[in-house]
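This report refers to the structure that appears directly beneath it.
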Amino acid sequence: MNNLVVLIGPTAVGKTETSFAIAEHFACPIISADSRQMYRGMEIGTAMPTKEELARHRHFFVGQLSPGDYYSAAKYETDVLALLEKEFPHHPTMLLAGGSMMYIDAVCNGIDDIPTVDDDTRAMVLEKYEREGIEKLAAELRLLDPEYYNEADIKNPKRVMHALEICYMTGKPYSSFRTQQKKERPFNIIKIGLQREREELYARINSRVDRMIEQGLIEEVGSFVHLKHHNSLNTVGYKEIFKYLDGEWTLPFAIEKIKQNTRIYSRKQMTWYRKCDDITWFHPGDISNIIAHIEEKIHRQR
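Under the working numbering, read the sequence shown as residues 303 to 604, first letter to last.
Take a look at the structure:
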């Protein structure tokens, strides 16, 4: 049976370096599971692999979208499954690596068959969001779909807007389409998790943010000011610098908020991962044992 190695872990834990070691060992490409690294021009703020790294390792789903393009976990599931079907005859072991929880879950477990939102509905909801703000939209969601409202992250514009899009387009609650039934996959899934002590991880996050500033994050974000209403740019590192560029925050305060929000995001990632009982955890420096574990898992499936 073919094998998909899924490498996960919180932001800044060391997934990139570990993914290179695994890819080299199994002579396979890397499928990115980072929902923001898909967008061109966001190299610094998303810690996208460098041109040299991309030349050294074949990557999929890196830098192929414009920031204004619409993309979703459901589309990612479809695209990755089609890619795996194409690549498995040449690479019986493939590697998917990243930290976007919903994208990883979509590939491993499947995602509900929710109707595709038409362009007119999407534009209408976006216009409402820009005019009224997230609080008004969340209040409307509470009326239309109280079940989803009670479990959703109502401060996340993407989640609220998508749920409202489905409600408007179908006349039914978004929650009525969410069966959350796990789908069977025609390949073996081997999940590897990377973790560090909290103090160590936080120090890496702080250093990464400082390095991004030195590399030109402010200039990168500034080039997208005219597109800042797009969901792709409503992400840590960009939204804080937008506030600095708008004159709302000082630069030191914006930088500190990036570090703080990145640390918060890393905790959310770990909370999500801990719900899964099929992840084997390693320190990123333990490459030899990681590869030995994958080899053993593959051998058992033969």
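Ideal placement from N, C-alpha and C gives every residue a C-beta, glycine not left out.
Small disclaimer: the values here were computed from a predicted structure and weren't measured.
- At a Cβ-Cβ threshold of 8 Å, Leu519 and Gly401 do not count as neighbours.
- For Trp574, the enclosing alpha helix (DSSP H) stretches over residues 553 to 575.
- If you keep only unbroken beta strand (DSSP E) runs of at least 3 residues inside the stretch 424 to 508, you get 490 to 496.
- Listed in chain order, the non-local C-beta contacts of Ile593 below 6 Å within the same chain comprise His327, local neighbours out to five positions each way being set aside.
- The Cβ-Cβ distance between Leu309 and Leu397 falls below 8 Å.
- A direct Cα-to-Cα measurement between Ala454 and Glu387 gives close to 33 Å.
- DSSP lists Met396, Ile491 as the bridge partner or partners of Leu306.
- Pro394 and Asn490 do not touch by the CB rule: their CB atoms are close to 10 Å apart, not below 8 Å.
- With 16 or more neighbouring CB atoms inside 10 Å of its own CB, Leu466 falls in the buried class.
- In this model, Glu354 and Gln517 are separated by some 16 Å (Cα to Cα).
- Scanning its chain for C-beta atoms nearer than 6 Å, with the 5 sequence neighbours on each side dropped, one finds around Met403 the residues Trp574, in chain order.
- With a beta-carbon spacing of about 7 Å, Tyr341 and Ser368 fall inside the 8 Å limit used to define contacts.
- Distances from the alpha-carbon of Phe390 to those of Ala323, Lys430, Ala329, Gly412 put Ala329 closest.
- Counted as a single uninterrupted DSSP element, the alpha helix (DSSP H) harbouring Ser590 occupies residues 589 to 603.
- When the Cα atoms are used, Glu486 and Val315 turn out to be separated by approximately 30 Å.
- In summary, Leu445 is exposed, with fewer than 16 beta-carbon neighbours lying within 10 Å of its beta-carbon over all protein chains present.
- Take Gly539, set aside five residues on each side of it, and the residues of its chain with a beta-carbon closer than 6 Å to its own are Gly347, Ile560, in chain order.
- Boundaries for Phe584: no alpha helix (DSSP H) harbours it, while the beta strand (DSSP E) harbouring it runs 581 to 584, taken from the DSSP string.
- Counting C-beta pairs closer than 8 Å gives three or more between the stretch 530 to 537 and the stretch 458 to 472, which meets the contact rule.
- The distance from the Cβ of Leu496 to that of Gly370 is about 32 Å, inconsistent with a contact at the 8 Å cut-off.
- Contact annotation: the stretch 472 to 482 does not touch the stretch 494 to 513, with fewer than three C-beta pairs closer than 8 Å.
- By the beta-carbon neighbour count (other beta carbons within 10 angstroms, threshold 16), Gln339 is buried.
- Counted as a single uninterrupted DSSP element, the alpha helix (DSSP H) harbouring Ile543 occupies residues 540 to 547.
- Ranked by how close their Cα comes to the Cα of Lys474, the residues Pro417, Glu437, Asp407, Ser334 have Pro417 in first place.
- When C-alpha distances from Ile581 are compared across Ile589, Met572, Gly587, the shortest belongs to Met572.
- When secondary structure is reduced to three states using DSSP, Ile416 falls in the coil class, being assigned neither helix nor strand.
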